[in-house]
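The numbering of the sequence shown is this note's numbering, which starts it at 637 and goes up by one.
Think of the CB as a built atom: it goes at the ideal place given N, C-alpha and C, for glycine as much as any other residue.
All of these numbers come straight from a predicted model, not from anything done at the bench.
First up is the structure itself, then whatever we jot down about it.
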Amino acid sequence: MRFPTSCTSLRLVAEGAATPQAVGSVLVINVSRIGDTLLATPALRALAHAFPEAAITCLAHPRRAEVLEHLPFLARVGRIDKRSAPLLGRLPRQRYDLAFVYGFDRALVSYALRVARRVVAFRQGDAALDARLQPAVAEPRALSRHAVSMRLALLEPLGIRPAGLRLAYRVTSEELAWARERLRVLGSRRPCIGLQVASFPTKAYRDWPVECFAELAARIRARWPETHFLIFGGSEEKTRTAWLAGRLGAAATSFAGALSLRQSAALMSCTHLYVGVDTGPTHIMGCFDIPLVVLYHCHSSSRLLGALEHPCFYPVDHPHPHPCAEETPMSAIGVDTVFAAVARALGEHPPAP
């Protein structure tokens, strides 16, 4: 086992110790939604580069951890939440040399303190708890930088630099084979365009009217008559996705509420273009080298949440400047504007024959 290199090792000297401590195991706790889980993957990659011989474990929300599975820079992916955390880590031995905790749940930070020699987290607003962190990091001001940089800020006091800003998701060969077989019945119809029409309920202000999606699809079919649409989404937006599927008829296949998250991701990776609102599955789509047209609300513009280092990203920002109230309607984004982005994406990245 090697010591961490240069600047990183210097910042990991234990108090009172004359030599750096080797880091053989790193724990990251990030209990959040799909998008926020993925937005931390550049930080996970940076840790893997900073500690190339360390085994990195990431504990995530029980229903979101699957988005981290099969990433090459993680040794293990596990599940935890604020309800299970108080029951865990009660054995006397410490399992990790270093831990990073995202968020502000005392139960998760306390768990990390039980199982790691050193814990890094954002300031928790509890003097006693903050005193045990090494260090308690000042969180950047909300909306002051890109969401990826917000997560990387937790690593900055240790001198850990980014190793790329692209989000990471890995589709397995088995998942890809399943998706291709599922789409085989569509024959040669192309382009195959994925549609994500809604965000999760608490972020509904990001939703573009489903009627606008229908009009956009009609415009696309008029230009590219062989287009087939794949409609994605969860059970929460089934009313809207069912309505859209009904409007598009044989030109669309709806998978909304019918697939697991990883199955949806595998299908998304087989599309020729994706059009969607700013939400978790859109962040998954940003991990693939597929043209990506995303509509952003002015409260959370592409400057803050757009796909970084993506080779074919076509953001459509709300015409109202940031910042704005959440009540500002997404209908202000015109169908003409989105269609222009779609036409440019397909013109610059036409589907392979």
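- If you compare the alpha carbons of C848, R754, V713 with that of M966, the shortest gap goes to C848.
- For A696, the closest C-alpha among the options L788, A658, G739 is that of G739.
- Around K874, the same chain offers A892, G893 as residues with beta carbons nearer than 7 Å, after the five sequence neighbours per side are excluded.
- Taking every protein chain shown into account, the CB of L723 has fewer than 16 other CB atoms within 10 angstroms, so this residue is exposed.
- Shown here, Q832 sits in a strand according to DSSP, grouped into three states.
- Between E862 and R818 a beta carbon distance of about 19 Å is seen, past the 8 Å cut, so the two are scored as non-contacting.
- Per DSSP, reduced to three states, the secondary structure at V703 is helical.
- Scanning the region 908-964 from its first residue to its last, the whole beta strand (DSSP E) runs of 3-plus residues come out as 909-913, 928-932, 949-953.
- When secondary structure is reduced to three states using DSSP, A977 falls in the helix class.
- Membership of C848 in the alpha helix (DSSP H) is indicated by the continuous run 846-859.
- For H685, the secondary structure class from DSSP, reduced to helix, strand or coil, is helix.
- Looking from the CA of P678, the closest CA among R802, G714, A711 belongs to R802.
- Setting aside the 5 residues that flank it on each side, E702 is surrounded in the same chain by L897, R898, each with a C-beta closer than 7 Å to its C-beta; the list follows chain order.
- Bounds of any beta strand (DSSP E) do not take in G671; it lies within the alpha helix (DSSP H) bounded by 670-675.
- Nearest to A968 by alpha-carbon distance, out of R715, R797, L704, Y841, is Y841.
- DSSP places V784 in the helix class (H, G or I) of the three-state scheme.
- For V751, the enclosing alpha helix (DSSP H) has its first and last residue at 742-751.
- The Cβ atoms of S668 and R700 lie closer than 8 Å to each other.
- Closest option to R781, judged by alpha-carbon separation, among E705, F924, R806, G942: G942.
- Burial is judged here by how many other beta carbons sit within 10 angstroms of a residue's own beta carbon; S871 has fewer than 16 and is exposed.
- For T875, the uninterrupted alpha helix (DSSP H) run begins and ends at 874-884, by DSSP.
- Sequence-distant Cβ neighbours of H685 in its own chain, meaning closer than 6 Å and more than five residues away, are A799.
- In the same chain as V662, and ignoring 5 residues on each side of it, the C-beta atoms closer than 8 Å to its own belong to L683, F687, A690, A691, I692, T693, Y732, D733, L734, A735, F736, in chain order.
- Only exposed fits P947, as fewer than 16 other CB atoms lie within 10 angstroms of its CB.
- If the five residues before and after V807 are omitted, its C-beta is found closer than 7 Å to the C-beta atoms of A901, A902, S905, all from its own chain and listed in chain order.
- About 6 Å separates the beta carbons of L940 and L779, which is inside the 8 Å limit, making them a contact pair.
- Taking the Cβ atoms as the reference, P951 lies roughly 4 Å from S938, within the contact range of under 8 Å.
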